[in-house]
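This note's numbering runs 67 ahead of the 1-based position in the sequence shown.
Glycine included, each C-beta is placed from N, C-alpha and C at the ideal position.
A quick note: this is a predicted structure, and the numbers were derived from the prediction, not measured.
Each remark here refers to the structure printed beneath this line.
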Amino acid sequence: MLLLLIIIPCPATASPVTIYPDTLDLPQQRLEIAKAMRPARQSVGLAFSGGGANGMAQIGVLKALEEENIPIDFITGTSIGAIIGGLYSAGYSAAELERIAEDLPWNDLLSFNDEGARGNTFIEQQKIRDRATIAIRFSNFKLVVPRSLSAAQNLTRTLDLLCMNAPYHPQQTFDDLPIAFRAVTTDLVSAKRVTLDKGSLSEAMRASSTVPVLFQPVEMGEWKLADGGLVANLAVDELERAGIAYKIAIDTRGSMYTLADDIDIPWKAADQAMTILIELQYPRQLEKADVVITPDVRGNTALDFSDIPGLIEAGYRSGKALAGNIREGIVMPLRHTTPLKSYRTTLTVSGLPTTHAPDFYEAGAIIRNSSSAEEALKKLLETGLFTSVHAVADREKGTLQFLAETTPFFEDVIVNGPENGPEKPAIDSCFAAISGRWYTNSEGSQALENLLRIYRSLGLSLVEIEKIAISDKTLSITMSDGKPGDILITQNRNITRPTPIRRELRIDTSKVLKLDNVERSIDNLFATGAFNRVSIGIAESEPEESEQRLRIRLDEKPGNVLRLGLRYDETYKAQALFDLRNENLNGTADSFGGWAKISEKNNRLNLEYYMPRIGSTNLTFMTKLFYDHLVSDLRTVPFSTQVFKHYKDSYDRYSFQQYGWTSAFGTRMGRNGQLLLDLTLQNAQSFTDENQGLYPEDNNDMALVAVEFTLDNRDDSLLPTSGRYSHLQYRLAPSLFNKKTFRAFSGEHEENISFDRETSAQLSIHLGLSDEQTPLTEQFFIGGAGSPYSRRFIGLKERDLSGNNMLLLGANIRYSPDFAIIFPSSFEIYYNVGQVWDEQFSLGEMIHGIGAGLTWKTPIGPARFTAAKAFTFESKETDSEKHGLSFAESVFYFSLGHEF
């Protein structure tokens, strides 16, 4: 018997199908109140080009893309494009970049002045630097040829501080930033492209923007990195290499110089050479871009930063014009479609109180107007109002249920952070727009970033958001302590010892890091004179590390330096300066050496040892051996109200000679002040030249004790526009050590007032008092345009008046236009009034002086020309006669070079 078994399958019950939207696979690095799905689209990358000042147009492009809500996932930048792209990737908004660009002093940042701000240096260092024209460095008695015109310290410092205070910091790589970033550089050793994707963000941006010859390359291991424009000024292929689907090229290279006369300085020649190289690279790179944005910079050159708002506006217009094309280009077609026409649809929303149910109408409208479930899910995600969405389709029942999770609801905010953080009203202001309501994911991220910005505005650079939680309608945010975990110091020559470095740091790892302490540390270290460049940034961390470490990179100078100076003026004629010293003696930052001045009428020789700081204290010490010989004409007829009418000017020639030893010990009072106790042992002589023979007038061996206070925070010693100078000194030659005793007090104060960028004024007062026993060498001298031997009095000749007592008041106004008359120029008007006397001061004997002058800043030092005239108020013999003015002969001053 054959048994046939036939199995007939029964129809199975169809199970519900879950439908998920297409989402973006790129990781989200921006802060979120809650993790959220992001709708699928093409990944978007920007390639920023170099172009110097023209790169400001890139900020305008970013501003337009922000307004059009076009997302950016990846930025690669070269030169100025690396700076703008790096800062934007670190969380600065386009509006913030616009303010930064307009506020930064670009001419100063790109200048070749490597001495740093004068006000940041010690007083003795100011004196040394003020008098020299050039400095030549030596190492082991070999000349150290500078690798560039500048170490770019000003730019380094600015980028360090901007990156330190950015909302986001890279941890392991630049992919950790909200927008992944790459900086394109050139290795000068191998002539190959080096793309930086980790390390110090500031250092990467600076390396990419370092123009060879003009600025010192950035050393990273075996690499010597410089401007990426040498190999890829517009690196669209970096977007391709990173797998970015939609590539946007922003070309701001600008125009070349078209006239030979335009290329009149070395950095313009370097700029032109870079532009020629760039032109050869562009066709291949532009072919790789989906969209090319070329702002109309209207022939603006790379070095012209005069119209930053106009350049930004040009970029903004170009970005707006192409925003629609970009939006269409990044759309991705749906991979699957589930038609809605055969289903009954419902919507379930979780995460909001029932009182907000009317807010769901917008989501319902999206579903009703969609043709497929996938389209509806995509549009729901695009609203940004939901953290997750999906749908469940039941074909048997003919239902399709949409399920959506809203952004977390909260009504109050609590922030747990370090002391000295923002007050509660400031915190609440960050979340006022989203608390108690339905908000988008981007609004939530913006609120968190605004909180970080408040911490950054307080200078709390390392405070980060560690934890976010919502419970009982309260958003709780835990901030990090903002303390640096450690400080890593790297030196390229290992010359300087740890003590001189550590004593200049204002960073305490046991306390919350503040930006102004980082800034002061940079300035203090650079002001020691031991370093070409000082950089402080956040060190690359390991994945398991929770604390942020700081890295200090020190590019050290060779300690031995020869400074040279040349000068010519109407009084002392040609003069030469030779200053040879070691400014980092045995790695201590102490200075030892000597300097000599050689001229027809004045010769000086000093051998000096100077300790800016003793150990880690604020105490200071200096000692020197000195020799000074001066030939000077002194007036033989007392200067009075009658001298202009009744006497012809008559002078005798004197020789002054001083030599000896002096030491000073005291304390620093801030960076620019000091209080010292001086001890001097010297021989002082003065001779008069009669009938070709020298006859002693005064020959004194002296032991002097002095107390002096000095403050000097002027921005320039010759043409200051801000700051003040004060010097008070009391000198005593006690009878215990001197045959001829005397006492003398001198005080002077100079106040500089800046009205605007072009106009400034200066007010000054000089007072000197001494007794009748004061030797001629120690008396007060006034007259001339100002020198180490005579207080400035416009209208009188050098050392025209001398006496035991002195009072001098002065004022001048300076106008320094933006345009140059051959060289940068300043026009000045002077007025001063004063007198010297021995026994009795007379107001009627006051002498007045007026003058006008022009100063040029030349490569070898300032050139000054001044015309002046002195006058007095003449009193008539009878009351019925009017008072008049009596004028002296006109006096002309001319000098070329620094004073020394």
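C-alpha gap between Ala312 and Asp92, whole angstroms = Start at 1 with the first residue of the sequence shown, and residue 312 comes out as number 245. Start at 1 with the first residue of the sequence shown, and residue 92 comes out as number 25. Going from the Cα of Ala312 to the Cα of Asp92 covers about 12 Å.
Determine the extent of the beta strand (DSSP E) in which Ser953 is found, giving its start and end residues.
-> The residue given as residue 953 occupies position 886 in the sequence shown. Residues Gly951 to Phe954.
Spatial neighbours of Gly740 in its chain, beta-carbon cut-off 7 Å, leaving aside the 5 residues before and after = The residue labelled residue 740 in the question sits at position 673 within the sequence shown. Answer for Gly740: Thr777 and Leu778, listed in chain order.
Would you please state the rounded distance, in angstroms, between the beta carbons of Leu963 and Tyr522? I believe it to be under 8 Å.
-> As a working mapping, residue 963 is identified with position 896 in the sequence shown. As a working mapping, residue 522 is identified with position 455 in the sequence shown. Not confirmed; about 52 Å, so no contact.
When the Cα atoms are used, what is the spatial distance from Asn879 to Arg824?
-> Walking along the sequence shown from the start, residue 879 turns up at place 812. Walking along the sequence shown from the start, residue 824 turns up at place 757. Rounded to whole angstroms, the gap between the alpha carbons of Asn879 and Arg824 is 16 Å.
Span separating the alpha-carbon of Thr319 from that of Val111 | Sequence index remark: in the sequence shown, residue 319 carries index 252 (1-based). Sequence index remark: in the sequence shown, residue 111 carries index 44 (1-based). Roughly 19 Å separates the two Cα atoms.
When Pro362, Ser409 and Glu510 are compared against Glu99, the one with the closest alpha-carbon | If you number the sequence shown from 1, residue 99 lands on position 32. When C-alpha distances from Glu99 are compared across Pro362, Ser409 and Glu510, the shortest belongs to Glu510.
Nearest to Glu940 by alpha carbon, out of Gly928, Glu912 and Thr925?
-> Here the question's residue 940 lines up with position 873 in the sequence shown. The sequence shown places Phe at residue 940, rather than the Glu named in the question. Distance check between Phe940 and each of Gly928, Glu912 and Thr925 places Glu912 closest, using alpha-carbon atoms only.
Would the stretch 186 to 206 and the stretch 552 to 559 be scored as touching if the rule is three or more Cβ pairs under 8 Å?
-> Judged by Cβ distances under 8 Å, the stretch 186 to 206 makes no contact with the stretch 552 to 559, as fewer than three pairs qualify.
Give the straight-line distance between the Cα atoms of Ala443 and Ala107, rounded to the nearest whole angstrom.
-> Within the sequence shown, the letter at position 376 stands for residue 443. Within the sequence shown, the letter at position 40 stands for residue 107. Approximately 13 Å, taken between the alpha carbons.
Phe959 versus Thr933: straight-line alpha-carbon distance, rounded | Position 892 of the sequence shown, counted from the first residue, corresponds to residue 959. Position 866 of the sequence shown, counted from the first residue, corresponds to residue 933. Going from the Cα of Phe959 to the Cα of Thr933 covers about 6 Å.
Pull up the CB-CB distance for Thr454 and Lys102, whole angstroms please, since I reckon it's below 8 Å.
-> The residue you call residue 454 lines up with position 387 of the sequence shown. The residue you call residue 102 lines up with position 35 of the sequence shown. 7 Å between Cβ atoms; contact.
Cutoff 8 Å; reference Ile927; Cβ partners in own chain excluding five residues on either side = Here the question's residue 927 lines up with position 860 in the sequence shown. Only Thr200, Leu633, Leu963 and Gly964 meet the Cβ criterion.
List the endpoints of the continuous beta strand (DSSP E) containing Pro929.
-> Translated into positions along the sequence shown, residue 929 becomes position 862. Gly928 to Glu941 is the extent of the beta strand (DSSP E) around Pro929.
Residue interval of the beta strand (DSSP E) (run including Tyr898) = To locate residue 898, count along the sequence shown from 1; it is residue 831. Secondary structure note for Tyr898: its beta strand (DSSP E) is the uninterrupted segment Phe890 to Trp904.
Looking only at its own chain, which residues have a Cβ that is under 6 Å from the Cβ of Ser813, when we skip the five neighbours before and after it?
-> Sequence index remark: in the sequence shown, residue 813 carries index 746 (1-based). Hits under 6 Å: Gln796 and Gly835.
Ala149 to Ala168, Cα distance in whole Å?
-> As a working mapping, residue 149 is identified with position 82 in the sequence shown. As a working mapping, residue 168 is identified with position 101 in the sequence shown. When rounded, the distance between both Cα atoms is 14 Å.
Candidates Arg402, Lys624 and Ser893: closest to Asp89 by CA position | One-based indexing of the sequence shown puts residue 89 at position 22. When each option's Cα is compared against that of Asp89, the closest is Arg402.
Taking one C-beta from the stretch 263 to 273 and one from the stretch 647 to 662 each time, how about it: are there three or more such pairs within less than 8 Å?
-> Touching, no.
Report back the beta-carbon spacing between Ala251 and Thr262 to the nearest angstrom; my notes put them in contact at under 8 Å.
-> Here residue 251 corresponds to residue number 184 of the sequence shown, with the count starting at 1. Here residue 262 corresponds to residue number 195 of the sequence shown, with the count starting at 1. Residue identity check: residue 251 is Val in the sequence provided, not Ala. Contact between Val251 and Thr262 is confirmed by a C-beta separation of about 6 Å, below the 8 Å threshold.
Going along the chain, which residues of its own chain have a beta-carbon closer than 7 Å to the beta-carbon of Arg398, five neighbours each way excluded?
-> In the sequence shown, the residue the question calls residue 398 occupies position 331. Per the sequence presented here, residue 398 reads as Val, with Arg not at that position. Counting only Cβ-Cβ distances below 7 Å, and skipping sequence neighbours, we find Arg108.
Per DSSP, cross-strand counterpart(s) of Asn561 | Taking the first residue of the sequence shown as 1, we reach residue 561 at position 494. None; Asn561 has no bridge partner.
What is the DSSP secondary structure of Asn653, counted as helix, strand or coil?
-> On the sequence shown, position 586 is the one that residue 653 refers to. Annotated three-state conformation of Asn653 is helix, per DSSP.
Consult DSSP for Tyr87 and reduce its assignment to one of helix, strand or coil.
-> By one-based count along the sequence shown, residue 87 stands at place 20. Residue state for Tyr87 is assigned as coil, using DSSP reduced to three classes.
Skipping 5 residues on each side, what residues in its chain have a beta carbon closer than 6 Å to that of Ile619?
-> For this step, residue 619 is matched to residue 552 along the sequence shown. Contacts found: Ile556 and Ile603.
Where the beta strand (DSSP E) through Asp294 begins and ends | Counting from one through the sequence shown, the residue named residue 294 turns up at place 227. Element bounds for Asp294: Trp290 to Asp294.
Assuming Gly152 contacts Phe115 (C-beta within less than 8 Å), just tell me the rounded distance between them.
-> Your numbering for residue 152 matches position 85 in the sequence shown. Your numbering for residue 115 matches position 48 in the sequence shown. Right, the Cβ-Cβ distance comes to about 5 Å (below 8 Å), so this counts as a contact.
Beta-carbon proximity of Lys578 to Gly526, cut-off 8 Å | For the purposes of this step, residue 578 is taken as the residue at position 511 of the sequence shown. For the purposes of this step, residue 526 is taken as the residue at position 459 of the sequence shown. No. Outside cutoff.
What's the gap between the Cα of Val530 and the Cα of Gly654?
-> In the sequence shown, the residue the question calls residue 530 occupies position 463. In the sequence shown, the residue the question calls residue 654 occupies position 587. Those two C-alpha atoms are separated by around 35 Å.
N-terminal and C-terminal residue of the alpha helix (DSSP H) that Asn670 is part of | Numbered from its first residue, the sequence shown carries residue 670 at position 603. Run containing Asn670: none in the alpha helix (DSSP H); it sits in the beta strand (DSSP E), Asn669 to Met678.
Grouping DSSP H, G and I as helix and E and B as strand, with all else coil, what is Thr638?
-> If you number the sequence shown from 1, residue 638 lands on position 571. Correct three-state label for Thr638: coil.
Relative to the C-alpha of Trp923, which residue among Tyr897, Ser883 and Gly901 is closest?
-> Position 856 of the sequence shown holds residue 923. For Trp923, the closest C-alpha among the options Tyr897, Ser883 and Gly901 is that of Ser883.
Could you tell me which of Lys355, Ser909 and Ile665 sits nearest to Leu301, measuring between CA atoms?
-> As a position in the sequence shown, residue 301 is number 234, starting the count at 1. Nearest of Lys355, Ser909 and Ile665 to Leu301, Cα basis: Lys355.
Distance, Ala161 Cα to Gly117 Cα = Locating residue 117 in the sequence shown gives position 50, counting from the first residue. Locating residue 161 in the sequence shown gives position 94, counting from the first residue. About 18 Å.
C-alpha gap between Ala388 and Val303, whole angstroms = Walking along the sequence shown from the start, residue 388 turns up at place 321. Walking along the sequence shown from the start, residue 303 turns up at place 236. Just so you know, the alpha carbons of Ala388 and Val303 end up roughly 21 Å apart.
Check whether Phe469 and Gly418 have beta carbons under 8 Å apart = Numbered from its first residue, the sequence shown carries residue 469 at position 402. Numbered from its first residue, the sequence shown carries residue 418 at position 351. Contact: no.
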